[in-house]
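**Student:**
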Amino acid sequence: RAANFAMVQAYWYIGESNIEEEQSGKQRAEYGEEVVKQLSERLTKFYGKGFNERNLWYMKKFYQTWPKVNALRSELSWTHYRLLLKVEKNDARDFYMQEAIEGNWNTRTLERQINSLYYERMLLTQKKGKELVKAERKVKKRSCIQVILSKTPMYLNF
Numbered sequence: 326r327a328a329n330f331a332m333v334q335a336y337w338y339i340g341e342s343n344i345e346e347e348q349s350g351k352q353r354a355e356y357g358e359e360v361v362k363q364l365s366e367r368l369t370k371f372y373g374k375g376f377n378e379r380n381l382w383y384m385k386k387f388y389q390t391w392p393k394v395n396a397l398r399s400e401l402s403w404t405h406y407r408l409l410l411k412v413e414k415n416d417a418r419d420f421y422m423q424e425a426i427e428g429n430w431n432t433r434t435l436e437r438q439i440n441s442l443y444y445e446r447m448l449l450t451q452k453k454g455k456e457l458v459k460a461e462r463k464v465k466k467r468s469c470i471q472v473i474l475s476k477t478p479m480y481l482n483f
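According to the numbering used here, the sequence shown is numbered sequentially starting from 326.
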């Protein structure tokens, strides 16, 4: 787990380096994909495989999505984070991240839950649950009033 987290942090720092140093803090470099291509070649030559252009784009997006290294969770692997990067809504991403940690989800489970729109289904269930609670309160309120009226002598009913 420690080795996995060290790799996650290293990838975050590569993403940071790509944005802050190679692109001077801009979201995109003026010379576009050439920066990533050259960086990929340099890192692959120096460190070996795992630094292809596609992975570097993930690292860049990783840094942009979690701009503070302290926000990273040691319970999640690089593959977890790559899957989470595909989730566009921040609330949904945070939900999946927390569920993956609390449920000790492997990456297959996380991917299945994302693809099955687990977050959206949970939202719908909660909304339906809240509507049911409101309806039950109304019914209870009416039944209490009806009980009181039924116990009231006839001459007090208006």
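Yeah, the Cβ is synthetic: ideal placement off N, Cα and C, and Gly gets one too. These numbers come from a predicted model, not from an experiment.
What does the alpha-carbon distance come out to for the pair Gln438 and Gln423?
**Tutor:** Indexing the sequence shown from 1 puts residue 438 at position 113. Indexing the sequence shown from 1 puts residue 423 at position 98. Their backbone Cα atoms lie some 13 Å apart in a straight line.
**Student:** Relative to the alpha-carbon of Asp419, which residue among Leu397, Thr432 and Ile339 has its alpha-carbon at the smallest distance?
**Tutor:** On the sequence shown, residue 419 is found 94 positions in, with the first residue counted as 1. Nearest C-alpha to Asp419: Leu397.
**Student:** Would you say Tyr421 and Leu435 are within 8 Å of each other, going by their C-beta atoms?
**Tutor:** For the purposes of this step, residue 421 is taken as residue 96 along the sequence shown, with counting starting at 1. For the purposes of this step, residue 435 is taken as residue 110 along the sequence shown, with counting starting at 1. Yes, these two residues count as a Cβ contact at 8 Å.
**Student:** Over what stretch of residues does the alpha helix (DSSP H) that includes Ala396 continue unbroken?
**Tutor:** Working through the sequence shown from its first residue, we reach residue 396 at position 71. Premise fails: Ala396 is in no alpha helix (DSSP H) and is neither H nor E.
**Student:** Go ahead and pull the three-state DSSP assignment for Asn377.
**Tutor:** Residue numbering aside, residue 377 sits at position 52 when the sequence shown is read from its first letter. Correct three-state label for Asn377: coil.
**Student:** On a CA-only basis, which of Val360, Ser402, Ala328 and Lys393 is nearest Glu378? Give me that one, please.
**Tutor:** The residue labelled residue 378 in the question sits at position 53 within the sequence shown. Of the candidates Val360, Ser402, Ala328 and Lys393, the one whose C-alpha sits nearest the C-alpha of Glu378 is Val360.
**Student:** Does Phe483 pass the burial test, meaning 16 or more other C-beta atoms within 10 Å, or should it be called exposed?
**Tutor:** Residue 483 sits at position 158 when you count from the first residue of the sequence shown. For Phe483, the predicted structure reports a pLDDT of 49, less than 50, and the residue's modelled location is therefore unreliable. The matter cannot be settled from this model.
**Student:** So, under 8 Å CB-CB, Arg326 and Ser399 are touching, yes? Tell me the CB distance rounded to an integer number of Å.
**Tutor:** Stepping through the sequence shown from its first residue, residue 326 is reached at position 1. Stepping through the sequence shown from its first residue, residue 399 is reached at position 74. With 8 Å as the limit, Arg326 and Ser399 qualify as a contact, their Cβ atoms being about 7 Å apart.
**Student:** Does Val394 pass the burial test, meaning 16 or more other C-beta atoms within 10 Å, or should it be called exposed?
**Tutor:** Mapped onto the sequence shown, residue 394 falls at position 69. Per the 10 Å Cβ criterion, exposed.
**Student:** Inspect the beta-carbon positions of Tyr388 and Trp337 and report whether they are closer than 8 Å.
**Tutor:** By 1-based counting over the sequence shown, the position of residue 388 is 63. By 1-based counting over the sequence shown, the position of residue 337 is 12. It is a contact, given that the beta carbons lie within the stated cut-off.
**Student:** Please work out which residues of its chain come closer than 8 Å, Cβ to Cβ, to Gln334, disregarding the five sequence neighbours upstream and downstream, and give them in chain order.
**Tutor:** Working through the sequence shown from its first residue, we reach residue 334 at position 9. Same-chain partners within the cutoff: Val394 and Leu397.
**Student:** Alpha carbon to alpha carbon, what distance is there between Asn429 and Thr369?
**Tutor:** The residue labelled residue 369 in the question sits at position 44 within the sequence shown. The residue labelled residue 429 in the question sits at position 104 within the sequence shown. Their Cα atoms are separated by approximately 32 Å.
**Student:** Cutting at 7 Å between CB atoms, please list the residues of its own chain near Lys385, excluding the five before and the five after it.
**Tutor:** In the sequence shown, residue 385 corresponds to position 60, counting from 1. Counting only Cβ-Cβ distances below 7 Å, and skipping sequence neighbours, we find Gly340, Asn343 and Ile344.
**Student:** From Tyr406 to Ala417, what does the alpha carbon distance come to, in whole angstroms?
**Tutor:** Here residue 406 corresponds to residue number 81 of the sequence shown, with the count starting at 1. Here residue 417 corresponds to residue number 92 of the sequence shown, with the count starting at 1. Computed Cα separation, rounded: 13 Å.
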